[in-house]
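For the protein sequence lines, the chains are A and B, in the order given.
For the first sequence, position 686 matches number 685 in numbering that gives the first Met the number 0, and the numbering has no gaps at all.
For the second sequence, position 133 matches number 132 in numbering that gives the first Met the number 0, and the numbering has no gaps at all.
First the structure, in the form of structure tokens, and then the observations on it.
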Amino acid sequence: MSQTQKQNSGATEPRPGKTGWVKSVLASYAPLPGAWDEMMQPDGGIRAPWDRFLGLVASQTKAQLSEAFSSAEQHLRDSGVFFRAYDDPAGGERPWPLAPLPLLIAPTEWEALKTGVIQRARLAEAVLSDVYGEGRLIRDGVMPAAVVAGSPNFLRPLVGIKPKGGRHLRFYAVDIGRGPDGRWWVLSDRAQAPSGAGYALENRIAISRALPDMTRNLNVDRLASFFQAFRDELSALNAGAEARVGLLTPGPLNETYFEHAYLARYLGFLLVEGADLTVRDNAVYVRTVSGLKRVDVLWRRLDGDFTDPLELKNTSQIGVPGLVQAIRRQEVSVTNALGSGVIESRALMGFFPALAKHILGEDLLLPNLATWWCGQETERNAVLAGFDKMAIASAFEGRLAGFKTDSMVGAAMSPETRAAVTAQIRARGMDVVGQEDVRLSTMPVWDGEKLIPRPFVLRLFVAATGDGDWTVMPGGFCRISGSEDPRFVSLQAGARTSDVWVLSEGTVTETSLLPQPDRVPIRRTTGTLPSRSADNLFWLARYLERSEASLRLVRALLARLIEAGADNDNPLVHHLVAHLKFIDALDAGFEGTPVAAALATLSQVGPTSGMPFLTSAARSASSAIRDRLAPDAFQSVMEIAQLFSELKLRRLSPAQALDEVNNGLRRISAFAGLASENMNRAMGWRFLDLGRRIERAMTTTRFVRQFAYDDPSPDALDLALELGDSQITYRWRYAMRAAANPVRDLLVLDPANPRSVAFQVERIVEHLETLPATTVDGRPVDLLRHARKLNSKLANQPVEGLTSGGIDKISVKLARLSNGIAERFFTQRPTAYLPEEFE
Amino acid sequence: MIYEVRQQTLYRYGAPVPFSRQVAHQLPISRAGQIVLDADLDISPEPAERFDLSDFFGNRITHFAFDRGHDHLTVTLTARVEVLPAQSLLERLTLPWEAVRAAAVASTDLGPDSPAHMLFASPSVDLSAPITAYAALSLAPGRTMLDAAVDLMKRIKADFRYVPGATDARTRPSEAFAARKGVCQDFAHVMIAGLRGQSLPARYVSGYLRTEPPKGQPRLEGADATHAWVEVWCGPEAGWIGFDPTNGILAGEDHVVLAVGRDYSDVSPLEGVIVAYGDHSLEVKVDVIPHGRRPSEDVASLPVTTRPRA
Chain A
0 MSQTQKQNSG ATEPRPGKTG WVKSVLASYA PLPGAWDEMM QPDGGIRAPW
50 DRFLGLVASQ TKAQLSEAFS SAEQHLRDSG VFFRAYDDPA GGERPWPLAP
100 LPLLIAPTEW EALKTGVIQR ARLAEAVLSD VYGEGRLIRD GVMPAAVVAG
150 SPNFLRPLVG IKPKGGRHLR FYAVDIGRGP DGRWWVLSDR AQAPSGAGYA
200 LENRIAISRA LPDMTRNLNV DRLASFFQAF RDELSALNAG AEARVGLLTP
250 GPLNETYFEH AYLARYLGFL LVEGADLTVR DNAVYVRTVS GLKRVDVLWR
300 RLDGDFTDPL ELKNTSQIGV PGLVQAIRRQ EVSVTNALGS GVIESRALMG
350 FFPALAKHIL GEDLLLPNLA TWWCGQETER NAVLAGFDKM AIASAFEGRL
400 AGFKTDSMVG AAMSPETRAA VTAQIRARGM DVVGQEDVRL STMPVWDGEK
450 LIPRPFVLRL FVAATGDGDW TVMPGGFCRI SGSEDPRFVS LQAGARTSDV
500 WVLSEGTVTE TSLLPQPDRV PIRRTTGTLP SRSADNLFWL ARYLERSEAS
550 LRLVRALLAR LIEAGADNDN PLVHHLVAHL KFIDALDAGF EGTPVAAALA
600 TLSQVGPTSG MPFLTSAARS ASSAIRDRLA PDAFQSVMEI AQLFSELKLR
650 RLSPAQALDE VNNGLRRISA FAGLASENMN RAMGWRFLDL GRRIERAMTT
700 TRFVRQFAYD DPSPDALDLA LELGDSQITY RWRYAMRAAA NPVRDLLVLD
750 PANPRSVAFQ VERIVEHLET LPATTVDGRP VDLLRHARKL NSKLANQPVE
800 GLTSGGIDKI SVKLARLSNG IAERFFTQRP TAYLPEEFE
Chain B
0 MIYEVRQQTL YRYGAPVPFS RQVAHQLPIS RAGQIVLDAD LDISPEPAER
50 FDLSDFFGNR ITHFAFDRGH DHLTVTLTAR VEVLPAQSLL ERLTLPWEAV
100 RAAAVASTDL GPDSPAHMLF ASPSVDLSAP ITAYAALSLA PGRTMLDAAV
150 DLMKRIKADF RYVPGATDAR TRPSEAFAAR KGVCQDFAHV MIAGLRGQSL
200 PARYVSGYLR TEPPKGQPRL EGADATHAWV EVWCGPEAGW IGFDPTNGIL
250 AGEDHVVLAV GRDYSDVSPL EGVIVAYGDH SLEVKVDVIP HGRRPSEDVA
300 SLPVTTRPRA
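And the structure:
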């Protein structure tokens with residue numbers, strides 16, 4: 000180790016402790032008794048990789064460092080990295096809890112870990128292929144059938160099906176921890192849909208920004224080549240050149256949805272939900288705005304049993320009916336193969352050493368926790384005898400009754416729990432395992448004042464490579480317990496994560512397989528826009544445009560109230576309030592003052608054109624298409640929603656409310672700018688713009704009908720111009736007070752006014768002409784024909800003949816266009832049902 | 000005895016269904032105790048895709064899909080099945096339930112008939128402490144498995160009320176147990192939960208009962224639609240033996256087996272995903288009559304109207 004250190008240390012590198020603050024921080028650091036500490040030896044000495052790291056830390060002042068870490072946090076916030084907290088009643092998104100100090104792993108140590116997890120991946124693959132294939136291991140008595148049959152992840156319909164491409168596992172993970180003697184242990188296996196790799200990548204990007212010199216100086220291995228190898232492996236399974244790899248997600252309500260969207264963007268995969276896919280003639284297709292497109296390869300991020308309600312869990316609403324049949328016919332390759340989750344059982348861990356011997360003829364290079372499955376008499380008795388010192392847990396999935404953590408040490412149980420668990424072991428031992436209770440090692444965590452030791456669990460990722468081999472991500476996903484108890488490493492329970500630096504041997508020169516570090520260049524072909532994404536883009540734009548209209552109404556109302564004082568008797572004020580009710584921005588039964596009406600529109604939950612409803616609907620729509628929105632654009636939707644969800648908590652004066660309204664309008668136009676600038680995916684942008692145009696045409700039509708008809712006063716006409724954002728154009732065109740026909744013409748018919756109805760309809764026609772499948776055999780379908788008809792009607796309509804009845808007809812036609820778009824491009828979600836024909 | 004079995008399932012949809020994909024567990028196969036002489040499943044309208052295959056437990060399943068609007072679906076099974084007389088049970092009486100339990104957990108068979116699959120909680124049958132405790136009363140030390148299972152079955156028959164409509168296809172065994180009432184599915188699920196709670200292997204059977212009893216015998220419950228009962232693994236020699244807790248009898252010459260699985264969810268007659276815009280109604284008619292006799296005019300048919308799941 001010391002040799003490596005010498006080799007990598009530059010002559011100018013300061014020694015640790017040279018700077019006073021690092022020295023005093025280290026002096027107050029106290030590792031937990033009885034546990035291995037990653038940084039500090041029992042005698043207070045600093046272990047090798049940390050020695051070099053702290054040397055670099057000491058070359059900066061405390062203030063410089065904390066500024067660097069704030070910038071890492073800022074980066075995470077700006078990129079919208081979050082996780083979903085299940086215990087939050089609002090299902091809230093929580094900021095990403097990144098601890099500033101990385102976990103360091105020395106080169107020789109890493110080599111051993113790497114070989115160990117690759118061996119385990121080979122073994123897991125062999126076990127799966129036997130369990131779903133010939134079944135020799137059980138027949139030969141290497142393990143009993145119940146160890147497999149007891150797993151809810153043993154998916155029987157998959158037995159006898161050879162996966163396309165031959166492999167069950169292509170993306171496998173193990174959680175490891177280090178015991179007091181310094182040895183690493185496998186704590187659990189993850190083969191369903193291991194999460195964390197995308198978060199590890201984000202952690203790396205954030206920390207590299209904060210500490211750019213350090214990652215270079217310490218020769219930290221880069222992550223990108225791992226992802227590239229994995230992407231190449233999946234892409235090679237595609238039959239067609241144009242086919243895309245689909246990343247199958249459970250959807251935006253999932254805890255790790257952010258990661259799914261992030262990895263889809265990063266790897267250039269198509270993010271799809273079950274409802275986006277359909278099986279026809281045993282092949283899988285994605286529903287897109289251009290019709291059904293073939294999908295050959297899926298990387299699933301949902302549990303296997305949820306993937307097909309027909310042959311697997313029949314209550315699943317997030318699967319693809321018929322997927323198992325497509326797999327059976329080898330028309331689709333799913334990674335990891337359905338049923339791979341069977342490898343995750345704790346019960347199976349007890350058999351891993353024997354399996355390694357039997358299958359590979361080798362000992363486990365990386366041992367797993369000693370595990371006793373209580374389905375066997377000898378093991379059951381061993382667990383009952385050593386109960387106090389053992390960690391007791393469910394043999395398969397979930398937790399034992401009465402447990403608040405996944406496992407509990409016998410001695411820590413209440414007398415009642417203890418009695419219940421021992422009784423369960425006697426009656427149904429096969430549901431229970433006892434495991435060695437390893438005291439996990441700790442790493443230093445900065446708590447703002449000082450360093451404190453915290454236990455952690457490290458997840459390592461293994462991906463399949465084309466030559467039938469495996470590659471390990473040089474790094475990992477490290478979860479640090481929120482307390483001294485290592486059982487609380489779940490983010491839900493307050494744990495933090497850290498970057499993991501694998502220090503490589505060799506020179507200090509920067510080596511990377513990629514032109515851009517940590518960024519795989521994204522290839523995207525246009526044309527594969529899932530219908531669901533198009534639907535959400537369309538509605539996101541509509542909700543935001545409608546928010547803008549509601550805000551303009553409130554602004555007009557507030558401005559008039561402020562101008563005239565509270566005892567205002569302006570008939571327009573009442574007209575505005577009535578209009579707010581008419582469009583359901585305000586509850587129809589509302590009876591307060593006009594000021595209260597304005598505030599209620601901004602803050603009252605319920606009405607479908609009120610701000611809280613609109614902005615939260617916009618937020619849901621954008622959450623479902625995170626992979627398609629630039630992080631800035633996504634962030635601005637979050638901010639808009641935030642603004643109006645907080646408003647109801649505060650009492651505002653009319654002037655303050657006016658400020659908030661202007662603030663909201665600014666943010667909405669910022670979104671429009673960000674979205675159109677960053678949406679390089681042409682088709683997605685068209686649906687966003689279609690939504691905006693349709694909604695703008697509808698709201699403008701409504702404004703005109705309300706305030707520019709039925710013998711309007713000049714004040715009312717002014718208001719119509721204001722709401723239609725066309726005062727300046729009007730003044731510029733007519734040097735006179737507002738008059739009915741010029742106002743109507745400008746807002747409805749004038750194709751040169753970018754706010755007019757005619758202008759919106761022209762854009763709609765353009766979009767429809769460009770979008771796929773709007774003509775059949777060269778002839779326009781009804782939708783396009785109707786849009787063109789409306790367009791030419793508006794172009795040829797003299798304003799003198801534009802009656803209020805004519806305006807109403809335009810409204811109806813716009814609503815029909817919107818429905819036509821939905822029918823043409825978006826699809827209805829299929830619903831699962833369970834027939835009940837038992838008498 | 001040779002039976003003619005006819006089951007017709009008719010769905011009417013409130014609005015045309017443009018697309019649907021379904022799986023039916025409705026074709027009986029030959030297995031120990033019965034020989035299927037012929038069986039046909041007619042689906043109307045004509046599906047766009049259709050094929051049969053075997054599921055893990057050896058049941059025959061039919062996949063079918065429609066890609067065009069349809070406002071009804073009729074699935075009609077017609078089959079001739081010969082049910083063999085029950086074998087003598089005497090030679091099976093020996094193994095005590097403790098030995099059955101040990102053999103099941105240690106089984107080195109992962110095949111379709113292995114007891115290992117039937118030891119654990121399954122999608123529709125979770126294990127419940129009260130049911131486990133209830134079953135324990137039938138498990139005196141050293142009692143044979145057959146004896147114990149008969150006792151448990153008879154207690155369920157005595158303690159539970161058969162009340163059509165009291166439960167639905169998704170009722171958990173613990174709910175039916177607490178209410179002490181339900182239909183054949185609930186009786187079967189409760190018995191399965193009780194045995195599995197004690198590490199004893201039990202599986203679910205769906206099938207048919209003879210519609211009309213022989214002269215002078217009472218009509219059995221559950222004859223109007225698909226019926227459900229239980230098979231218990233009584234050891235490597237005895238294998239699976241059928242118990243009908245709804246009627247308190249061993250499954251015998253009146254029982255035609257359609258499919259076996261861990262619970263209802265493995266064998267539900269029709270499972271599917273439809274794109275639906277409206278409500279639907281469902282009607283099921285079953286006739287199981289000895290070969291050579293015409294179905295009588297007054298065979299009861301029980302229309303069931305259900306709402307689709309939200």
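Ideal placement from N, C-alpha and C gives every residue a C-beta, glycine not left out.
Query	Result
For G800(A), is the classification buried or exposed, using 16 other Cβ atoms within 10 angstroms of its Cβ as the cut-off for buried?	exposed
Just to make sure I have the definition right: I need the residues of chain B whose C-beta is within less than 7 Å of the C-beta of V845(A). Which are they?	The question about residue 845(A) has no answer here: the residues shown for chain A are numbered 0 through 838.
What is the rounded straight-line gap between the Cα of V288(A) and the Cα of L550(A)?	32 Å
Assuming I273(B) is part of the beta strand (DSSP E), what are its boundary residues?	L269 to I273
I'd like to know whether the C-beta atoms of L145(B) and A192(B) end up nearer to each other than 9 Å.	no
Please identify, using Cβ separations under 8 Å, the residues of the region 31 to 49 of chain A that lie next to chain B, in order along the chain.	none
Going by Cα to Cα distance, which pick from E645(A), F643(A) and A617(A) is closest to A632(A)?	A617(A)
In terms of residue numbering, what span does the alpha helix (DSSP H) encompassing V104(B) cover?	W96 to A105
Does DSSP classify E272(A) as helix, strand or coil?	strand
Alpha carbon to alpha carbon, how far is A274(A) from R554(A)? Give it in angstroms, no decimals.	41 Å
From the beta carbon of T107(B), is the nearest beta carbon of chain A less than 9 Å away?	yes
Residues in the same chain with beta-carbon distance under 6 Å from T77(B), minus the five sequence neighbours each way, listed in chain order, please.	R5 and D39
Quick one, which of F824(A), R379(A) and F460(A) has its alpha-carbon nearest R685(A)'s?	F824(A)
For N899(A), collect the residues of the same chain with a Cβ closer than 7 Å to its Cβ; drop the 5 residues on either side in sequence, then sort them by chain order.	Past the edges of chain A, shown from 0 to 838, lies residue 899(A), and the structure says nothing about it.
Checking 9 Å against the spacing of the C-beta atoms, do T210(B) and D286(B) come in under that value?	yes
Within 8 Å, do at least three Cβ pairs link the region 135 to 148 of chain A to the region 439 to 448 of chain A?	no
Determine which residues of the region 7 to 20 of chain B have a Cβ less than 9 Å from any Cβ of chain A, and write them out in chain order.	T8, Y10, P17, F18, S19 and R20
Does the CB of A821(A) have a neighbour CB from chain B at under 9 Å?	no
Report buried or exposed for M735(A), applying the criterion of at least 16 other Cβ atoms within 10 angstroms of its Cβ.	exposed
Please classify S652(A) as buried or exposed, where buried requires at least 16 other C-beta atoms within 10 Å of its C-beta.	exposed
Name, going along the chain, the residues of the region 134 to 156 of chain A whose beta-carbon falls closer than 7 Å to a beta-carbon of chain B.	G134, I137, R138, G140, P143, A144, A145, V147, A148, G149, R155 and P156
Just the chain B side, please: which residues come within less than 7 Å of G804(A) by C-beta, in chain order?	The contacting residues do not exist; G804(A) stays about 33 Å from chain B at best.
Look up S511(A) in the DSSP assignment and say whether it is helix, strand or coil.	In this prediction, S511(A) scores a pLDDT of 42, lower than 50, which makes its location untrustworthy; the coordinate-derived value is nonetheless stated afterwards. Three-state result, S511(A): coil.
Mind the definition here: the region 283 to 298 of chain A touches the region 151 to 161 of chain A only if three or more C-beta pairs lie below 8 Å; say whether that holds.	no
Distance cutoff 9 Å, beta carbons only. Does V278(A) sit that close to anything in chain B?	yes
Using only the alpha-carbon positions, how far apart do T524(A) and V296(A) sit?	Here the model assigns T524(A) a pLDDT of 47, short of 50, so the residue's position is not dependable, and the following value carries that caveat. Spanning the two alpha carbons is a distance of roughly 17 Å.
What are the residues in the region 420 to 431 of chain A lying within 7 Å of chain B by C-beta distance?	A426, R427 and M429
For I117(A) and V471(A), I'd like the C-alpha separation in whole angstroms.	7 Å
Give me the Cα-Cα distance between L118(B) and A201(B), rounded to the nearest whole angstrom.	7 Å
In the DSSP output, what is T334(A) paired with across the bridge?	W298(A)
Going along chain A in order, which residues have a C-beta closer than 7 Å to the C-beta of A115(B)?	A144, A145 and A148
Does the beta carbon of H312(B) come closer than 9 Å to any beta carbon on chain A?	There is simply no residue 312(B) to check, as chain B begins at 0 and stops at 309 in what is shown.
Can you grab the Cα-Cα spacing for the pair S406(A) / R398(A), in whole Å?	7 Å
From L502(A) to N237(A), what distance separates their C-alpha atoms?	35 Å
Using a cut-off of 7 Å between C-beta atoms, extract the partners of P129(B) located in chain A.	Neighbours of P129(B) on chain A: none; closest Cβ ~13 Å, over 7 Å.
Return the residues of the region 242 to 263 of chain B that lie within a Cβ-Cβ distance of less than 7 Å from chain A, sorted by chain order.	none
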